[in-house]
Structure formats: C-alpha cells, structure tokens
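Chemist: Take a look at this one; I'll ask things after.
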C-alpha cells in the first residue's frame, strides 16, 4: 500500500502539469484571441506576459486578465466562463468554445498563470552563479583600475 501511495505522489506533479496544459489549450481556443494574462513578478514588480498577446488587429479590444483575476472569486470566474452575458449583458466575450469539461481546467490555468510556481533549484543556482560571477568580475575590474597598484608599475 505504501508503494502505491508513493507512486501516486510521484505522478501528481505530472498530472497537474497535464491539466495546466489542457487549461492553456482551452484558453488559447476561447480567450487568447482577445485576452492576455500578465503577472506581477514579486521581486522586481515588473509585469511579465504569461500568454501570447492578442494579434495586432485585436490588441485595443481585449483586456489583460492578470490584474483582474485576483479580484474575482473562483465562483465569479466560473459564472463568467459559463455565461458572460449573464454577468455583463453587452459583452462581446464568447465562451461557447469552452466545453463544460474544460471550465475547471481553464480556471486552474488562470490561477497558475497569475501565480507561477517558484523557480526550480537549477534556475536558482544558475541565477546565484551569474550574480557571483558578476561580483567577481567587478572586483577584478576595480583591482585593475586601482591607482595605488597602477603607480607601482614594472621596474
């Protein structure tokens, strides 16, 4: 029994990734032609795009869902996806392409897109290496440009 539960725990991240991929497909099919999803990076405060921007001819029409999603409850989002005209009668949003089975996948994708997972250990190590390398190069540059060392010169 222990082996089975351990195996299921090992498979869960893969299943979650698959569900997110299916949610992205639902978003691309029904929403991405008019909407984008941007997220706030906690460290820099800059906005990064999680989904492809809308085509140039539609850019002015759509809404960036990144700042909007955290302000809504999952139930409000579910209602909007099921029938946007119930929430806002004059909307041009058409979610008929989202199958009933895909609605929860789409909601999960939206939640993950605005709150991305933390960087992997490898990514953190790579970033730390880059910072250490830049610091070391700056120190060597300062040493090379130090006037006290330059005045000694070779005899």
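In mature numbering (1 follows the signal peptide of the UniProt record, and there is no 0), the protein residues as written are -19 to -1, 1 to 136.
Virtual Cβ for every residue (Gly too), placed ideally from N, Cα, C.
Verify whether the separation of the beta carbon atoms of residue 73 and residue 47 is less than 8 angstroms.
Modeler: no
Chemist: Between which two residues does the alpha helix (DSSP H) harbouring residue 62 extend?
Modeler: 55 to 63 is the span of the alpha helix (DSSP H), which, as asked, contains residue 62.
Chemist: Thinking just about the alpha-carbon of each residue, which of 14, 100 and 118 is nearest to the one in residue 78?
Modeler: 14
Chemist: Go ahead and pull the three-state DSSP assignment for residue 66.
Modeler: helix
Chemist: In the DSSP assignment, the alpha helix (DSSP H) including residue 93 goes from what residue to what residue?
Modeler: Segment 84 to 95, the alpha helix (DSSP H) holding residue 93.
Chemist: For residue 156, is the classification buried or exposed, using 16 other Cβ atoms within 10 angstroms of its Cβ as the cut-off for buried?
Modeler: The chain is shown only over -19 to 136; residue 156 falls outside these bounds and no answer can be derived.
Chemist: Please say whether residue 45 and residue 17 have beta carbons closer to each other than 8 angstroms?
Modeler: yes
Chemist: Tell whether a beta-carbon distance below 8 angstroms holds between residue 137 and residue 83.
Modeler: Residue 137 cannot be examined here, being either before or after the span of the chain that is shown, -19 to 136.
Chemist: Taking C-beta to C-beta, are residue 86 and residue 62 nearer than 8 angstroms?
Modeler: no
Chemist: Using three-state DSSP, classify residue 41 as helix, strand or coil.
Modeler: At residue 41, the pLDDT of 47 sits below 50, so the modelled position is not reliable and the matter cannot be decided from this model.
Chemist: Quick test of your reading: residue 4 and residue 89, contact by CB under 8 angstroms. State the CB separation rounded to the nearest angstrom.
Modeler: Confirmed, about 5 angstroms.
Chemist: For residue 9, which of 101, 115, 91 and 69 has the nearest alpha-carbon?
Modeler: 91
Chemist: By the DSSP assignment, the alpha helix (DSSP H) with residue 113 in it spans what residues?
Modeler: 102 to 125
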